[in-house]
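S.K.: So for the sequence shown, this note's numbering puts the first residue at 5; every next one is plus one.
Pasting in a structure now, in structure tokens, and then I'll have a few things to ask.
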Amino acid sequence: MPSKTVRKRQLARKIAQAMGTSNKRPLVEASHPMIQARFHPHSHQGPKKGYPLYHIEHELSKLPRENVASFVNIPAVIGQLQRLPPITRLLKRYPSLARGFEKTVWEAIRERGIKGSKFWATAPKAYIDTIAKAGKGNPNLMNDRVGRITKRFFGNQIKPRTILDIGTFAGGTIVGAVKGLSPEQRKQLKVVLVDINERVVREHAVPQLVGLGIPKRNILVLPASFYSAAVAFKQMRRPFHEKGQQRYTKQFLDLIGKVDMITAGASTINFANDLSPLLRSVRRLLKPKGVFVDWEWGSAEATSPTVKVPELKRTVIARAEGRPVTIFDAYVSFLNFWMGPRYFDYPEHVKQKLWRDIENSKEFNFFTWCRKNRDWMEREREDQPRLLNVAGYRNRAYREGKAMAEGARQYGFNTDGAEYPFAKPGEKDTGNVNWMVVAQKE
Numbered sequence: 005m006p007s008k009t010v011r012k013r014q015l016a017r018k019i020a021q022a023m024g025t026s027n028k029r030p031l032v033e034a035s036h037p038m039i040q041a042r043f044h045p046h047s048h049q050g051p052k053k054g055y056p057l058y059h060i061e062h063e064l065s066k067l068p069r070e071n072v073a074s075f076v077n078i079p080a081v082i083g084q085l086q087r088l089p090p091i092t093r094l095l096k097r098y099p100s101l102a103r104g105f106e107k108t109v110w111e112a113i114r115e116r117g118i119k120g121s122k123f124w125a126t127a128p129k130a131y132i133d134t135i136a137k138a139g140k141g142n143p144n145l146m147n148d149r150v151g152r153i154t155k156r157f158f159g160n161q162i163k164p165r166t167i168l169d170i171g172t173f174a175g176g177t178i179v180g181a182v183k184g185l186s187p188e189q190r191k192q193l194k195v196v197l198v199d200i201n202e203r204v205v206r207e208h209a210v211p212q213l214v215g216l217g218i219p220k221r222n223i224l225v226l227p228a229s230f231y232s233a234a235v236a237f238k239q240m241r242r243p244f245h246e247k248g249q250q251r252y253t254k255q256f257l258d259l260i261g262k263v264d265m266i267t268a269g270a271s272t273i274n275f276a277n278d279l280s281p282l283l284r285s286v287r288r289l290l291k292p293k294g295v296f297v298d299w300e301w302g303s304a305e306a307t308s309p310t311v312k313v314p315e316l317k318r319t320v321i322a323r324a325e326g327r328p329v330t331i332f333d334a335y336v337s338f339l340n341f342w343m344g345p346r347y348f349d350y351p352e353h354v355k356q357k358l359w360r361d362i363e364n365s366k367e368f369n370f371f372t373w374c375r376k377n378r379d380w381m382e383r384e385r386e387d388q389p390r391l392l393n394v395a396g397y398r399n400r401a402y403r404e405g406k407a408m409a410e411g412a413r414q415y416g417f418n419t420d421g422a423e424y425p426f427a428k429p430g431e432k433d434t435g436n437v438n439w440m441v442v443a444q445k446e
């Protein structure tokens, strides 16, 4: 009889095959149809036929682990997997495997989320530019704030330092951080850029950093997901679909306890299904008293498909201009961002109907609303184009700031919680969605 470890690995592989994570093929091709229908409900229709729901209800395994079960019937997924003949036979042969079945399914869900995010490996820089414009410049303001925090944390000391940036892409966040330092400090700085899109990093981020005075020899590009650090530190196992892919294990191991600051802006951390391996990796890399500066998107839209409107209006997440900013402000701000110019681009009267229907509801489900009004919405669009690759849906408001702050505390960081530095109470502005958490390693 195979060892317990081998049997568990056999089960994990069978589940991965059904979940579409055992190879490099796209999820829509690699997954069992029943599984794909649960995690990306409209993928069988394609982006044009299923518009806009194809984009709205996209790969749901990328949602925070704590929220996935609100969108996907996990017991039903488990039941479907257990009834598949290859898995049924394995469970009959080794009944003890049933005890860890659900845990193995959750690992496969995490791997779906990782694989579903691979889009960014080939995304053009134009996507980030589109997001920044539609966000009315708020992403740039958040990056500038990272620079001010960097200046405060490093002070005036001139000595060798290391900053690691997660999900660098075109370099907005790390460039913002470096701008906070003096020319003399920049000459002493080592920068580590972690991103799966090597081309965009080398064409855009690296030249900007060199232009700011960072010696090119001090810039290390690791073209990998930050999950690679978690694998290197044995916080999680290597995803099946990444077999044969370079992991940069030695480079991550060499950085343990040597990083002064880790920055992240709308990056891997936000669409991490499971924060545990990533935050533990952040902690492992940082020096004692090192700082993690993370800004992301977050609204109730990604917490549950159905929200309780009065409760959203009562729940305060920040204060700005002496007034409260509520979860409701964040919720409608993100929907406005999504429905407006450069994304779904619906006429103003379509959005006005959405706002009226939300205001007149005690409970509201945006997905149901879109399904119900889809034909009318599309007629009202007239000749406006349907964007087949909408940048906005790639950056759903995945995790609320409170959840990140709680996660940071859970994994050994001190933090004052999430702040919304550019919030605008009562307005539909992405400043109500962009939060920042500054967390220091204990």
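Backbone N, C-alpha and C define an ideal beta-carbon position, used for all residues, glycine too.
Computed from a prediction, not measured in an experiment: that's the story for all the values here.
Closest to G180 by CA distance: which of A209, Q192, K191, H62 is it?
M.R.: If you number the sequence shown from 1, residue 180 lands on position 176. When each option's Cα is compared against that of G180, the closest is A209.
S.K.: Nearest CA to the CA of K291: which residue from T319, L259, L283?
M.R.: Your numbering for residue 291 matches position 287 in the sequence shown. Answer by Cα proximity: L259.
S.K.: For I178, which residues in the same chain have their Cβ closer than 8 Å to its Cβ, ignoring the five residues on either side in sequence?
M.R.: The residue labelled residue 178 in the question sits at position 174 within the sequence shown. The answer, listed in chain order, is I167, D169, T172, V195, L197, A209, L213, T267.
S.K.: Would you mind working out which of R284, L226, L216 sits nearest I200, comparing C-alpha positions?
M.R.: What you label residue 200 is simply residue 196 of the sequence shown in a count that begins at 1. Among R284, L226, L216, the Cα nearest to that of I200 belongs to L226.
S.K.: So the alpha helix (DSSP H) M456 belongs to, where does it begin and stop?
M.R.: Since the first and last residues shown for the chain are 5 and 446, residue 456 lies out of range.
S.K.: Taking DSSP as the reference, what is the three-state secondary structure of D264?
M.R.: Working through the sequence shown from its first residue, we reach residue 264 at position 260. In the structure shown, D264 sits in a strand (DSSP, three-state: E or B).
S.K.: Per the DSSP calculation, F296 is bridged to which residue(s)?
M.R.: Numbered from 1 along the sequence shown, position 292 holds the residue referred to as residue 296. Paired residue(s): I266, A443.
S.K.: Are at least three pairs of beta-carbons, each pair with one atom in the segment 98-107 and one in the segment 296-316, less than 8 Å apart?
M.R.: Result no; under three Cβ-Cβ pairs closer than 8 Å.
S.K.: Check for me: the beta strand (DSSP E) holding T330 runs from which residue to which?
M.R.: Walking along the sequence shown from the start, residue 330 turns up at place 326. T330 -> beta strand (DSSP E) spans 327-330.
S.K.: On a Cα-Cα basis, can you pick out the residue from R206, A41, W439 that is closest to N274?
M.R.: Position 270 of the sequence shown, counting from 1, holds the residue named residue 274. The residue with the shortest Cα to Cα distance from N274 is W439.
S.K.: Going by alpha carbons, who is nearest to R323 out of E423, R17, P164?
M.R.: Indexing the sequence shown from 1 puts residue 323 at position 319. Of E423, R17, P164, the residue nearest in Cα terms is E423.
S.K.: Residue range of the beta strand (DSSP E) that I223 falls in?
M.R.: Position 219 of the sequence shown, counted from the start, is the residue given in the question as residue 223. Looking at the DSSP string, the run of the beta strand (DSSP E) that includes I223 is 223-226.
S.K.: Bridge partners of G302, per DSSP?
M.R.: What you label residue 302 is simply residue 298 of the sequence shown in a count that begins at 1. Partner(s): Y402.
S.K.: Please report the straight-line C-alpha distance between Q250 and A228, rounded to a whole angstrom.
M.R.: As a position in the sequence shown, residue 250 is number 246, starting the count at 1. As a position in the sequence shown, residue 228 is number 224, starting the count at 1. Approximately 8 Å between the Cα atoms of the pair.
S.K.: Would you list, in sequence order, the uninterrupted alpha helix (DSSP H) runs of no fewer than 4 residues that lie entirely inside the segment 139-223?
M.R.: Listed in chain order, the complete alpha helix (DSSP H) runs (minimum 4 residues) inside the segment 139-223 are 142-158, 176-183, 187-191, 210-215.
S.K.: Take H353 as the anchor and find which of R385, F338, E325, R375 has the nearest alpha-carbon.
M.R.: For the purposes of this step, residue 353 is taken as the residue at position 349 of the sequence shown. Of the candidates R385, F338, E325, R375, the one whose C-alpha sits nearest the C-alpha of H353 is R385.
S.K.: Taking its Cβ as the centre, do 16 or more other Cβ atoms sit within 10 Å of H48, making it buried, or is it exposed?
M.R.: Taking the first residue of the sequence shown as position 1, residue 48 is located at position 44. Per the 10 Å Cβ criterion, exposed.
S.K.: To the nearest angstrom, how far is the alpha carbon of Y252 from that of I223?
M.R.: Here residue 252 is taken as the residue at index 248 of the sequence shown, counted from 1. Here residue 223 is taken as the residue at index 219 of the sequence shown, counted from 1. The straight-line gap from Cα to Cα measures roughly 15 Å.
S.K.: If you follow the beta strand (DSSP E) that T4 is part of, which residue opens it and which one closes it?
M.R.: Examination of residue 4 is not possible in this model, given that the chain is present from 5 through 446 alone.
S.K.: For T310, which three-state DSSP category applies?
M.R.: By one-based count along the sequence shown, residue 310 stands at place 306. T310: strand per DSSP, three-state reduction.
S.K.: For K129, which residues from the same chain have a beta carbon less than 7 Å from its beta carbon, with the 5 sequence-adjacent residues on both sides left out?
M.R.: Here residue 129 corresponds to residue number 125 of the sequence shown, with the count starting at 1. These residues qualify, in order along the chain: A174, V204, H208.
S.K.: Starting from the C-beta of E367, find all residues in its chain whose C-beta is less than 8 Å away, skip the five residues before and the five after it, and write them out in chain order.
M.R.: One-based indexing of the sequence shown puts residue 367 at position 363. Closer than 8 Å at the Cβ level, and outside the excluded window around E367, lie T310, V311, K312, V313.
S.K.: According to DSSP, V320 sits in a beta bridge with which residue or residues?
M.R.: Locating residue 320 in the sequence shown gives position 316, where the first residue counts as 1. Answer is T330, bridged to V320.
S.K.: Taking only the alpha-carbon atoms, compute the straight-line gap between I19 and Q414 and give it to the nearest angstrom.
M.R.: Locating residue 19 in the sequence shown gives position 15, counting from the first residue. Locating residue 414 in the sequence shown gives position 410, counting from the first residue. The straight-line gap from Cα to Cα measures roughly 30 Å.
S.K.: Just how far apart, CA to CA, sit L289 and A234?
M.R.: Reading the sequence shown from its first residue, position 285 is the one you call residue 289. Reading the sequence shown from its first residue, position 230 is the one you call residue 234. Rounded to whole angstroms, L289 to A234 spans 11 Å at the Cα level.
S.K.: Do you know offhand how far N160's Cα is from L15's?
M.R.: Residue 160 sits at position 156 when you count from the first residue of the sequence shown. Residue 15 sits at position 11 when you count from the first residue of the sequence shown. When rounded, the distance between both Cα atoms is 55 Å.
S.K.: Work out the CA separation of S232 and G217 for me, nearest whole Å.
M.R.: As a first step, residue 217 is located in the sequence shown; it is residue number 213 there, counting from the start. As a first step, residue 232 is located in the sequence shown; it is residue number 228 there, counting from the start. Taking the straight line from one Cα to the other gives about 29 Å.
S.K.: CB-CB under 6 Å to F256, same chain, minus the five flanking residues each way: which ones, in chain order?
M.R.: Here residue 256 refers to the residue found at position 252 when the sequence shown is read from its first residue. Cβ neighbours of F256 beyond the five flanking positions: A233, A236.
S.K.: Taking the continuous beta strand (DSSP E) assigned at N369, which residues delimit it?
M.R.: Here residue 369 refers to the residue found at position 365 of the sequence shown. Per DSSP, N369 belongs to the beta strand (DSSP E) from 367-369.
S.K.: For L290, which three-state DSSP category applies?
M.R.: Walking along the sequence shown from the start, residue 290 turns up at place 286. Of the three classes helix, strand and coil, the one that applies to L290 here is strand, per DSSP.
S.K.: Exposed or buried, what is W299 when buried is set at 16 or more other beta-carbons lying within 10 Å of its beta-carbon?
M.R.: To locate residue 299, count along the sequence shown from 1; it is residue 295. Classification for W299: buried.
S.K.: Excluding the 5 residues preceding and the 5 following A125 in the sequence, name in chain order all residues of the same chain whose CB lies nearer than 8 Å to its CB.
M.R.: As a position in the sequence shown, residue 125 is number 121, starting the count at 1. Hits under 8 Å: I200, N201.
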